[in-house]
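If you're matching positions, the sequence shown starts at 62 in our numbering and goes up one per residue. Using N, Cα and C, we set each Cβ at its ideal position, and we do this for glycine too. Here is the structure we will look at, set down as structure tokens.
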Amino acid sequence: MAEEQECGRAASGSDCQAAATAEPAVSSAEAAEVVARSPKPEGYSSKCVFCRIAGQQEPGTELLSCENEDLVCFRDIKPAVPHHYLVVPKKHIGNCKDLRKEHIELVENMVTVGKTILERNNFTDFKNVRMGFHMPPFCSISHLHLHVLAPVDELGFLSKLVYRVNSYWFITVSADCLIEKLRT
Numbered sequence: 062m063a064e065e066q067e068c069g070r071a072a073s074g075s076d077c078q079a080a081a082t083a084e085p086a087v088s089s090a091e092a093a094e095v096v097a098r099s100p101k102p103e104g105y106s107s108k109c110v111f112c113r114i115a116g117q118q119e120p121g122t123e124l125l126s127c128e129n130e131d132l133v134c135f136r137d138i139k140p141a142v143p144h145h146y147l148v149v150p151k152k153h154i155g156n157c158k159d160l161r162k163e164h165i166e167l168v169e170n171m172v173t174v175g176k177t178i179l180e181r182n183n184f185t186d187f188k189n190v191r192m193g194f195h196m197p198p199f200c201s202i203s204h205l206h207l208h209v210l211a212p213v214d215e216l217g218f219l220s221k222l223v224y225r226v227n228s229y230w231f232i233t234v235s236a237d238c239l240i241e242k243l244r245t
């Protein structure tokens with residue numbers, strides 16, 4: 062599916078067909094051997110898609126440069142707004158309910174990376190940005206990930222509900238909310 066999305070953006074139908082049927086440069090056995098030898102982050106789970114993305118084992122996901130060795134950033138596969146990114150720690154943390162006081166710096170770094178990615182994509186109206194985590198059981202992936210959404214005023218009707226500020230299912234990251242709760 063990721064190949065289809067990439068092809069849809071970059072090439073015509075015949076080019077996509079050729080790309081889809083092309084032989085891979087490395088055999089799957091060779092690729093599996095390289096993956097098996099590469100070091101895994103703490104708590105790595107091969108069953109977790111975000112762990113695999115953080116380990117660069119999901120070729121269909123383009124990582125965005127985030128200049129933080131503990132985090133990765135990529136576009137959401139179902140964007141709610143033109144700028145919808147996910148900032149994910151390489152270390153496996155289940156979800157925002159697993160966050161503790163010692164994770165304040167991690168969350169602050171995730172927010173910084175989110176802002177940096179927006180700036181690199183020419184979005185600087187930070188009053189029109191929402192960042193937050195889905196609360197369990199409303200997480201589609203059980204690996205902590207920060208949603209970075211902009212511009213918020215372009216959220217559709219359902220997305221306004223899904224990413225509603227400090228709702229039962231979505232907690233926004235701000236000094237007066239999640240970070241303050243972690244400090245206490």
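Item, Value
"So Asp131 packs on Lys162, CB below 8 Å; how close in whole Å?", "Their Cβ separation, rounded to whole angstroms, is 17 Å, which puts Asp131 and Lys162 out of contact at 8 Å."
"Report yes if the C-beta distance between Asp137 and Leu147 is below 8 Å; otherwise report no.", "yes"
"Is the region 222 to 237 close to the region 192 to 205, with three or more CB pairs under 8 Å?", "yes"
"For the alpha helix (DSSP H) containing Cys112, name the first residue and the last one.", "Val110 to Ala115"
"State the start and end residues of the unbroken beta strand (DSSP E) segment that holds Arg225.", "No beta strand (DSSP E) holds Arg225; DSSP gives it neither H nor E."
"For the putative contact between Leu216 and Val142, defined by C-beta atoms under 8 Å, what is the C-beta separation to the nearest angstrom?", "6 Å"
"How many angstroms separate the CA atom of Asn182 from the CA atom of Arg244?", "32 Å"
"Give the DSSP bridge partners of Phe194, in chain order.", "Ile232"
"Give a yes or no on contact between the region 106 to 122 and the region 166 to 176, applying the rule of three or more CB pairs nearer than 8 Å.", "no"
"Checking the sheet assignment: what are the DSSP bridge partners for His145?", "Leu210"
"Using DSSP with H/G/I as helix, E/B as strand and the rest coil, what is Arg181?", "helix"
"Can you tell which of Tyr229, Leu239 and Thr177 has the C-alpha that lies nearest to the C-alpha of Pro197?", "Tyr229"
"I think Ile154 touches Leu205, with their Cβ atoms under 8 Å apart; what is that distance to the nearest whole Å?", "4 Å"
"With DSSP as the reference, label Phe135 as helix, strand or coil.", "strand"
"How many angstroms separate the CA atom of Glu241 from the CA atom of His208?", "19 Å"
"With a cut-off of 8 Å, does the C-beta of Glu215 fall near any C-beta of chain B?", "Protein chain content of the structure displayed is limited to a single chain, and chain B is not contained in it."
"Alpha carbon to alpha carbon, how far is Thr185 from His145? Give it in angstroms, no decimals.", "14 Å"
"Assuming Asn156 and Cys200 are in contact, meaning their beta carbons sit under 8 Å apart, how far apart are those beta carbons, in whole angstroms?", "5 Å"
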